[in-house]
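Participant: Before we start, here is the structure in question, set down as structure tokens.
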Amino acid sequence: LLRASIDRVAGLPCDILIPAHPDFGGLFERLERPRSPEHRNPLVDRAACQRYA
1 LLRASIDRVA
11 GLPCDILIPA
21 HPDFGGLFER
31 LERPRSPEHR
41 NPLVDRAACQ
51 RYA
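For the sequence shown, this note's numbering assigns the number 1 to the initial residue and increments by one for each residue that follows.
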């Protein structure tokens with residue numbers, strides 16, 4: 001059951017990860033990243049759910 005839940009999260013379409021705690025998703029590290037024209041918003045990450053799972 002737990003593995004199925006993790007697999008489900010990995011397959012979800014998401015652009016912004018909102019975890020239960022900021023450290024779980026690396027929120028502070030992402031906010032410190034330098035911004036570029038391609039990555040203006042450090043919170044947008046299309047692979048966030050896959051990495052979180």
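Quick reminder that beta carbons are idealized off the backbone N, C-alpha and C, glycines included.
All of these numbers come straight from a predicted model, not from anything done at the bench.
Return the chain-ordered list of same chain residues with a C-beta closer than 7 Å to the C-beta of Glu38, the five sequence neighbours on each side being excluded.
Facilitator: Excluding positions up to five away in sequence, the list is empty.
Participant: In whole angstroms, what is the alpha-carbon distance linking Leu12 and Ile18?
Facilitator: About 13 Å.
Participant: What are the boundary residues of the alpha helix (DSSP H) that includes Phe28?
Facilitator: From DSSP, the alpha helix (DSSP H) with Phe28 extends over Leu27 to Glu32.
Participant: Using the C-alpha atoms, what's the distance from Ala4 back to Gly26?
Facilitator: If I take the Cα positions, the gap works out to 24 Å.
Participant: Just to confirm my understanding: we take Cys49, look at its own chain, exclude 5 residues before and 5 after, and list those with CB closer than 7 Å. What are they?
Facilitator: Around Cys49: Val9, Ala10, Leu12, Cys14 and Leu17.
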